[in-house]
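Per my numbering, the very first residue in the first sequence carries number 4; after that it's consecutive. Note that CB positions come from ideal geometry on N, CA and C, so glycine has one too.
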Amino acid sequence: MPEGHTIHRLAKDYAAAFAGGPTLASSPQGKFSDAAALLTGTSLIRTEAHGKHLFLGFGAAEPEPDVTAEPAESEPAAPDVTAGPPEPADWIHIHLGLFGKVTFGDTPAPPPTDTVRLRLVNETAYVDLRGPTTCTLITDPEKQAVHDRLGPDPLRPDADPRAAYRRVSRSRSTIAALLMDQKVIAGVGNVYRAEVLFRHGIDPYRPGRDVTPAEWDAIWRDLTELMREGVRHNRIDTVRPEHTPEAMGRPPRVDDHGGEVYVYRRADQPCHLCGETVRTADLAARNLFWCPSCQRGRP
DNA sequence: TCCTTATGTACAA
DNA sequence: TGTACCTAAGGAC
Numbered sequence: 004m005p006e007g008h009t010i011h012r013l014a015k016d017y018a019a020a021f022a023g024g025p026t027l028a029s030s031p032q033g034k035f036s037d038a039a040a041l042l043t044g045t046s047l048i049r050t051e052a053h054g055k056h057l058f059l060g061f062g063a064a065e066p067e068p069d070v071t072a073e074p075a076e077s078e079p080a081a082p083d084v085t086a087g088p089p090e091p092a093d094w095i096h097i098h099l100g101l102f103g104k105v106t107f108g109d110t111p112a113p114p115p116t117d118t119v120r121l122r123l124v125n126e127t128a129y130v131d132l133r134g135p136t137t138c139t140l141i142t143d144p145e146k147q148a149v150h151d152r153l154g155p156d157p158l159r160p161d162a163d164p165r166a167a168y169r170r171v172s173r174s175r176s177t178i179a180a181l182l183m184d185q186k187v188i189a190g191v192g193n194v195y196r197a198e199v200l201f202r203h204g205i206d207p208y209r210p211g212r213d214v215t216p217a218e219w220d221a222i223w224r225d226l227t228e229l230m231r232e233g234v235r236h237n238r239i240d241t242v243r244p245e246h247t248p249e250a251m252g253r254p255p256r257v258d259d260h261g262g263e264v265y266v267y268r269r270a271d272q273p274c275h276l277c278g279e280t281v282r283t284a285d286l287a288a289r290n291l292f293w294c295p296s297c298q299r300g301r302p
C-alpha cells in the first residue's frame with residue numbers, strides 16, 4: 004500500500020523496532036545477500052523517508068557508555084569530538100514500487116518464504132521486505148542524488164510548496180499528471196491525487212498553469228493534513244467528518260484498502276455528494292477517478 | 001488453476 | 001507510448 008504516508012510510517016516503524024542495537028540481516032530470496040552480509044553486526048542508526056523512497060542508515064553502533072569509568076570530577080569534561088549520534092556509513096535505499104510489502108513481527112521469526120528480499124532480526128523483532136522495485140546499498144552522495152531529483156514532500160519539514168507551484172504554474176500538463184510527478188511533489192500517489200482534486204472541486208484535466216496560487220496553497224495544506232493522518236492510521240482516509248458513512252447514513256466501504264474515500268476506485272458508482280456517476284479514465288497508464296459534476300471548478 | 005488487478009517507476013523506441 | 005519488473009489477493013472458471 005505504498006504512497007508517501009506508508010513510507011514515512013515505515014521509517015518510524017523500522018527505527019522503533021531496530022534502531023540502536025546490532026542487527027542480523029539476510030536475503031532469503033538472494034538478490035540482496037552480499038549487502039546483507041556486509042550489514043550484519045552493524046546497527047540501524049537512522050531512518051528517513053522522502054516521498055516514496057525509504058532510507059535505512061547503518062553504521063557502527065554508538066559505543067556503550069563506560070560504566071566502569073570514574074565519575075566526573077568537578078571539572079567539566081573535555082569536549083568529545085566523537086560524541087553525538089554516529090553518521091550512517093551506508094544506506095539501504097528501498098522503493099516498494101507497486102507491489103512491495105513490509106511485515107513486522109516479534110521473535111522468534113517464522114521461517115522466511117523465498118520471496119523475502121531483506122529480513123532484519125534482533126532479539127525482539129523481525130521485519131521482512133518483499134517485492135520492492137528497489138533495495139540497494141548506497142553511499143551518502145548517492146542518497147543525496149535521490150533527494151535532488153525529488154520534489155518537496157508535504158510530510159517533510161524542509162518542504163517548500165512554492166518550489167512545487169513554480170513547476171505547476173509553468174506547465175501545460177494536467178494537474179492530475181503533475182500531482183503524480185515525483186519531481187514536482189514527492190509522495191502523492193493515485194489515491195491522494197484523485198481525492199485531493201475531488202476535495203477541492205478541481206477538474207483533473209485542468210492545465211497546471213491554470214491552477215491559482217490560492218488553489219495550490221489549499222491543495223498543499225490539505226495534502227499535508229491528509230498524509231499526516233495517513234501516517235498516524237497507516238491508511239488513507241479522505242472523507243470529511245460530515246461525509247462519513249455514519250454522518251450520511253450510507254453503508255461503509257467494503258474494500259481491501261480500508262479507508263473512506265470520495266472517488267478512488269468508485270467508477271460507475273454515484274458520487275457521495277451529488278449522485279452523479281463517478282468516472283474513470285486512463286491517464287499515463289494509471290486509473291484516474293473523478294466526479295464530473297463536483298469537479299468542474301474553474302479558477 | 002488461471003486471469004486480472006494494484007496505492008509505482010524506469011527505460012526503450 | 002509501450003513494456004519490463006517485482007508479489008499477492010480476489011474472482012472467474
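Cα-Cα separation between residue i and residue j, rounded to whole angstroms
i	j	result
ILE188	ARG159	11 Å
GLY54	PRO248	30 Å
ILE222	ARG209	14 Å
VAL171	ASN125	45 Å
GLN147	HIS56	12 Å
THR116	TYR17	20 Å
HIS236	GLN185	23 Å
GLN282	LEU132	Here residue 282 turns out to be Arg, not Gln, going by the sequence shown. C-alpha separation (whole angstroms): 35 Å.
ARG122	GLN32	10 Å
ASP163	HIS150	14 Å
ALA167	PRO216	11 Å
GLY300	GLU245	21 Å
THR139	THR110	25 Å
GLU279	ASP143	51 Å
ASP83	ARG165	Low confidence applies to ASP83: its pLDDT is 45, below 50, so where it sits in the model is not reliable, and the reading given next is rough at best. If I take the Cα positions, the gap works out to 41 Å.
VAL214	LEU13	33 Å
THR136	HIS98	6 Å
GLU145	GLY211	31 Å
Beta-bridge pairing of residue i - partner residues as DSSP gives them
i	result
THR118	Its beta-bridge partners do not exist; DSSP assigns none.
PRO25	SER46
HIS96	PHE58 and THR139
ARG133	LYS104 and VAL119
ALA14	ALA14 is not bridged to any residue.
HIS53	HIS56
ALA64	Answer is none; ALA64 lacks a bridge partner.
ASP109	ALA128
Supposed contact pair residue j and residue i - C-beta distance, whole angstroms, cut 8 Å
i	j	result
LEU229	TYR265	No, LEU229 and TYR265 are not in contact; Cβ-Cβ is about 12 Å, not under 8 Å.
GLY134	GLY103	5 Å
ALA20	ALA128	4 Å
ILE239	GLY204	Between GLY204 and ILE239 the Cβ distance is about 20 Å, and since that is not below 8 Å, they are no contact.
THR50	GLY60	7 Å
Member of the options whose CA lies at the smallest distance from the CA of residue i
i	options	result
LEU286	ASP225, CYS274, ALA180 and THR280	ALA180
THR9	PRO91, ALA28, LEU41 and THR106	THR106
PRO88	SER36, ILE205, ARG269 and ALA64	ALA64
VAL22	LEU41, ASN193 and LEU47	Note that residue 22 is Ala in the sequence shown here, rather than Val. Nearest of LEU41, ASN193 and LEU47 to ALA22, Cα basis: LEU47.
ALA197	TYR168, VAL214, ASN290 and PRO273	ASN290
HIS1	GLU232, ALA284, THR241 and PHE35	There is no way to answer for residue 1, as the model of the chain reaches only from 4 to 302.
GLY24	GLY7, HIS11 and THR43	THR43
ASP206	THR177, GLY190, GLY192 and ARG224	THR177
PRO302	ALA270, ASP161 and TRP219	TRP219
GLU232	LEU182, PRO157 and LEU200	PRO157
THR118	SER296, VAL191 and SER30	SER30
GLY234	SER36, ALA39, ALA52 and ASP37	The sequence given here has Val at residue 234, not Gly. It is ALA52.
Give the list of continuous beta strand (DSSP E) stretches no shorter than 3 residues that lie fully inside the region 216–299. 282–286 and 289–293
Contiguous alpha helix (DSSP H) assignments of at least 4 residues, all confined to the region 150–222: 164–172, 178–183 and 193–202
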